[in-house]
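So, in structure tokens, the structure goes:
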């Protein structure tokens, strides 16, 4: 893309020194970034890379991973903004910088909003993991680590609808706020089944490189999150790119999805964790999702009564059968009493609804196939059979 660069008020010699220093800063930053992410350390991150399952739907959708304060702390931990702008880097010079005041992202604001708030709000509004948005910002423009980001980089923050034709981003998507929210909205649309490119649960031909002569690979796309990543960056890394870990492969290597995986696992851990899907996911969401149940602590397991399945979470268990769908039993007195009675093999059978709170005096209840369990702080939990 065309970069008009800096408009600097200075004489020719000063201009040469300043621009030379800026180029040196950028070159050194790139070299340090490459060296830091090379060698044995990176191999551990790439070891679990899977073209078919780059990230699970649950991980991409988990909005509870970071609060707004967590995002703020993360940005400052990665880039403390000690040198907030270019004027600090080259002291004694006066700049008329058309392309921005070069404040690093942790301290920058747009329309009176901090970048941490913008990222968090987009994540909540579109039900996208804020960690995903942070990685995209680094993958596309290195905005997390860039000490002196320009307006151009902020305007292209997530690379959404910013084709490499020299014309910049489409106007409706340009600017930091639009870029972050557009990326989050896009991922949510794919997760909701709104795109047919590289469809989930099907095999697609995915190019290795924009140069079609480099060929393609047949990839089974295991979920919608992986479909979204291929729709966002439509190339699969070739063997040269994978062998290089963080480094350069060959003329037919593309690095977008490889780098996304490496950055995410480096910063946040597994891109897969435990998957939650289907009827269990429906039951999980209906019970309040991560806000109520927390995160999964195991994968789904089946083979229960009536071909039922279950999955354990931090603060409860979701049970599913084809006839009843998925419902959660939260950890606590009701779950303890159901366990004592024999769980789904008891007369009560499976849950047919989620726990209901707010009964007078702090009580709650939950309905099951054969009755209900009622709890009150004064009387404890007891079962009531029948309708």
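Numbering (the numbering used here), first residue to last: 5 to 391. Even glycine gets a Cβ: it sits at the ideal position worked out from N, Cα and C. Computed from a prediction, not measured in an experiment: that's the story for all the values here.
Using a Cβ-Cβ cut-off of 7 angstroms (strictly less than) and excluding sequence neighbours within five positions of residue i, which residues of its own chain qualify?
i: residue 280; result: 62, 288, 300, 315
i: residue 273; result: none
i: residue 298; result: 317, 318, 319
i: residue 208; result: 202, 223, 225
i: residue 260; result: 143, 237, 239
To which residues of the same chain is residue i closer than 6 angstroms at the C-beta, ignoring the five residues directly before and after it?
i: residue 358; result: 291, 331, 332
i: residue 144; result: 162, 163
i: residue 369; result: 360, 376, 378
i: residue 110; result: 79, 80, 83, 85
Assign residue i to buried or exposed, taking buried as 16 or more other Cβ atoms, counted over all protein chains shown, within 10 Å of its Cβ.
i: residue 176; result: exposed
i: residue 173; result: buried
i: residue 79; result: buried
i: residue 228; result: buried
i: residue 382; result: exposed
i: residue 70; result: buried
i: residue 253; result: buried
i: residue 255; result: exposed
i: residue 100; result: Interpretation of residue 100 is limited by its pLDDT of 47, a score under 50 that renders its predicted location unreliable; the figure taken from the coordinates is listed afterwards. Burial call: exposed.
i: residue 344; result: exposed
Go ahead and pull the three-state DSSP assignment for residue i.
i: residue 267; result: helix
i: residue 64; result: helix
i: residue 204; result: coil
i: residue 291; result: coil
i: residue 134; result: helix
i: residue 382; result: coil
i: residue 119; result: helix
In this structure, what does DSSP give as the bridge partners for residue i?
i: residue 313; result: 306, 324
i: residue 214; result: None, per the DSSP bridge assignment.
i: residue 387; result: 377
i: residue 333; result: 321
i: residue 84; result: DSSP, once it has assigned bridges, lists no residue as partnering residue 84.
i: residue 114; result: 117
Can you find the residues in the same chain that come closer than 8 angstroms, C-beta to C-beta, to residue i, ignoring five residues on each side of it along the sequence?
i: residue 389; result: 351, 352, 374, 375
i: residue 56; result: 223, 224, 225, 226, 230
i: residue 294; result: 66, 67, 68
i: residue 238; result: 201, 202, 210, 211
i: residue 257; result: 212, 213, 241, 242, 244, 245, 248
i: residue 267; result: 139, 142, 143
i: residue 305; result: 313, 314, 315
i: residue 349; result: 309
i: residue 37; result: Reliability of the predicted coordinates at residue 37 is poor, the pLDDT of 39 falling under 50, and the value obtained from them is presented with this limitation in mind. 146, 149.
Distance cutoff 8 angstroms, beta carbons only. Does residue i sit that close to anything in chain D?
i: residue 123; result: The structure shown contains no chain D; it is built from a single protein chain.
At 3 residues or longer, what runs of the beta strand (DSSP E) sit wholly inside the stretch 343-371?
Taken in chain order, the unbroken stretches of beta strand (DSSP E) that lie wholly in the stretch 343-371 and span 3 residues or more are 360-363.
Whole alpha helix (DSSP H) elements within the stretch 215-262, 4-residue minimum
List check, alpha helix (DSSP H) in window: 228-236, 243-247.
Ranges of the alpha helix (DSSP H) found wholly within the stretch 137-208, counting only runs of at least 4
With a minimum length of 4 residues, the continuous alpha helix (DSSP H) runs that stay inside the stretch 137-208 are 155-159, 180-195.
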